[in-house]
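Residue numbers (the numbering used here), protein chains in the order written: chain A, 291 to 734; chain B, 10 to 171. Let me begin by presenting the structure, written as structure tokens, before commenting on it.
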């Protein structure tokens with residue numbers, strides 16, 4: 291049972307956690323940097339402790355300072371939100387060492403999902419499909435690996451990066467010439483001829499599954515599609531993943547639950563997959579062992595408060611929810627309103643928000659810490675708020691999104707609003723099921 | 010400092026919008042000692058506009074924009090100004106040599122520093138042809154948008170050298 295919850299984060303997620311914790315009867319204490327002393331989350335918490343100067347390294351990322359602040363506030367648990375220290379095993383250990391509850395998974399899960407190669411290994415152990423491929427030291431090994439991997443495939447320099455030494459091979463008869471070239475380039479560029487052979491997925495979608503576990507059992511709360519990204523930053527997220535055959539959806543959800551069970555996972559987590567947009571074959575990428583920015587779309591279609599579930603599980607309870615209690619109804623879409631000039635290569639735009647008019651009304655949820663007169667400090671990320679719409683069908687949700695964006699006005703800083711208006715009007719998005727190359731083809 | 014009154018929840022706002030929907034009015038203003046909320050009709054839907062009593066948050070603006078140096082000077086001649094606010098760095102990495110020193114010949118595309126804003130590193134370009142005659146800002150200093158960072162050519166004003 292958690293009575294005093296320390297929130298080790300800032301911005302909209304801090305406010306989001308405070309709201310649910312207070313509704314559950316907990317006393318909330320927010321750790322803030324000097325720059326955030328008067329933020330909306332700071333006004334909303336029961337108590338505020340300053341953990342350090344504005345730069346994150348000296349405040350939100352400073353493990354001893356955060357733990358000391360939580361101790362001084364006599365907290366019995368710490369919610370890390372997302373980003374910052376949320377998946378930091380050293381932080382989770384430090385919290386446990388002083389006898390407080392870390393609202394997140396066991397240390398073993400954090401470690402297992404800590405890096406991509408380790409996650410790939412654990413995923414294979416749990417029986418999840420991963421992008422077929424493997425390393426090849428010489429030409430014969432590359433041929434053998436290509437045979438196992440299948441076509442089309444990519445040859446990548448093991449020591450490489452940034453696309454150098456990367457070759458696409460569509461059929462076996464092209465392999466010989468391409469291996470020679472790839473190995474020569476790898477040797478020339480990186481002094482290491484080894485190549486990695488990987489299945490090439492021409493049209494990939496980013497689909498993830500929300501899971502909840504209590505260390506004994508695990509359930510899923512359906513899919514989310516986050517294919518609209520720019521430089522691996524998600525811009526638009528929706529639940530459920532649109533235009534996906536039912537059997538493939540069921541299979542991907544089952545795979546995610548298998549991984550959570552394999553880990554003995556405790557808390558809320560997200561299992562990320564690369565899904566082939568044509569065949570719907572899916573491959574495990576990684577697991578995020580925390581609450582996600584895009585969690586509200588899942589809440590909107592399931593009616594389940596994910597932060598409440600996190601806090602109940604962290605408090606030591608068995609999960610009351612059963613898989614049969616979870617029903618996905620309707621469709622939800624979230625767009626991230628960032629303080630960025632998206633026409634100038636997404637240049638950050640911090641400053642004072644002179645006026646913030648957010649949409650309101652049925653089917654609309656706004657998660658934000660920015661009101662009129664609010665400050666967007668230059669020290670942290672650029673998320674101003676999230677607009678979440680939900681409706682019985684995807685078509686209605688897209689229409690509601692477009693209408694809601696027209697009523698959104700932020701003055702004083704540049705925002706990504708107009709980018710989202712362009713996306714909401716894009717025929718590919720309206721049809722649904724776009725792949726991760728969507729952004730390249732966007733008519734600005 | 011303990012607070013017991015949380016600003017209205019999203020559910021409260023939804024209820025206010027529903028109340029408004031049943032009336033002939035176009036907006037409802039709720040003003041308390043701590044906040045003001047305007048829920049207004051806009052086309053087929055509604056908007057919400059929150060603001061919080063600035064008096065209840067003395068120094069809020071100060072805390073968000075500390076120690077900004079130097080001031081935005083108007084007429085100091087040709088100079089490189091900060092394209093955006095943030096932390097100014099003279100070198101690409103800690104311990105690395107600075108991008109430029111006094112005496113460096115620059116063209117418009119020469120990178121003379123970087124500004125870290127919102128976790129992103131943004132290059133600062135010289136913007137014009139010239140020779141760096143003075144560097145006005147120390148490494149790792151918080152600067153405002155438009156702050157003069159470096160002088161070019163004979164742009165150094167009369168008086169004591171910097």
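C-beta atoms are modelled at their ideal positions from N, C-alpha and C, and glycine is treated no differently.
- Cα atoms of residue 363(A) and residue 448(A): separation of roughly 49 Å, rounded to the nearest angstrom.
- Within chain B, not a single residue places a beta-carbon under 7 Å from that of residue 319(A); the smallest gap is close to 10 Å.
- Not flagged as an interface residue toward chain B: residue 370(A), since no C-beta distance is shorter than 9 Å.
- Within the same chain, and ignoring the five residues on either side of residue 112(B) in sequence, the residues whose Cβ sits closer than 7 Å to its Cβ are 140, 141.
- In its chain, beyond the 5 residues on either side, 425, 446, 448 have a beta carbon closer than 6 Å to the beta carbon of residue 486(A).
- With respect to chain A, the C-beta atom of residue 43(B) has a partner C-beta closer than 9 Å.
- When 673(A), 692(A), 671(A) are compared, the shortest CA-CA separation from residue 679(A) is found for 692(A).
- In this structure, the straight-line span from the alpha carbon of residue 435(A) to that of residue 644(A) is close to 59 Å.
- Minimum Cα-Cα distance from residue 135(B) among the listed residues 153(B), 93(B), 88(B) corresponds to 88(B).
- For residue 640(A), at least one C-beta of chain B is nearer than 9 Å to its own C-beta.
- With a cutoff of 9 Å on beta-carbon distance, residue 305(A) and residue 659(A) are scored as near each other.
- For the 9 Å CB-CB criterion, residue 512(A) and residue 530(A) form a contact.
- Taken atom to atom, the span from the alpha-carbon of residue 61(B) to that of residue 303(A) is near 19 Å.
- Residue 400(A): not part of any beta strand (DSSP E); member of the alpha helix (DSSP H) spanning 397–402, first to last residue.
- For residue 415(A), the three-state secondary structure derived from DSSP is helix.
- Per DSSP, reduced to three states, the secondary structure at residue 375(A) is coil, with no helix or strand assignment.
- Taking C-beta atoms as the reference points, residue 685(A) and residue 54(B) fail to come closer than 9 Å.
- Per DSSP, the beta-bridge partners of residue 624(A) are 527(A), 678(A).
- With a threshold of 9 Å between beta carbons, residue 146(B) makes no contact with chain A.
- DSSP, read as helix, strand or coil, puts residue 549(A) in helix.
- Taking 9 Å as the threshold, the shortest C-beta distance from residue 127(B) to chain A falls below it.
- The beta strand (DSSP E) runs lying completely inside the region 564–618 of chain A and spanning 3 residues or more are 572–578, given in chain order.
- Nearest in C-alpha terms to residue 361(A), of all of 347(A), 385(A), 349(A), 396(A), is 385(A).
- Bounds of the beta strand (DSSP E) holding residue 131(B) are 129–134.
- Distance from the Cα of residue 525(A) is smallest, within the candidate group 560(A), 422(A), 625(A), for 625(A).
- For residue 521(A), the closest of 703(A), 730(A), 292(A) by C-alpha to C-alpha distance is 730(A).
- Under the three-state reduction of DSSP output, residue 408(A) falls in the helix class.
- Fewer than three pairs of CB atoms, one per stretch, sit closer than 8 Å, so the region 698–713 of chain A makes no contact with the region 490–501 of chain A.
- Annotation for residue 497(A): the continuous beta strand (DSSP E) segment containing it runs 494–504.
- Approximately 5 Å separates the beta-carbon atoms of residue 548(A) and residue 416(A); this is inside 8 Å, confirming the contact.
- For residue 487(A), the enclosing beta strand (DSSP E) has its first and last residue at 485–489.
- It is roughly 17 Å from the alpha-carbon of residue 518(A) to the alpha-carbon of residue 572(A).
- Bridge partners of residue 45(B) according to DSSP: 40(B), 60(B).
- In this structure, residue 604(A) sits near residue 394(A), with a CB-CB distance shorter than 9 Å.
- As computed with DSSP, residue 159(B) is found in a beta bridge with 89(B), 144(B).
- According to DSSP, residue pairing for residue 518(A) in a beta bridge involves 526(A).
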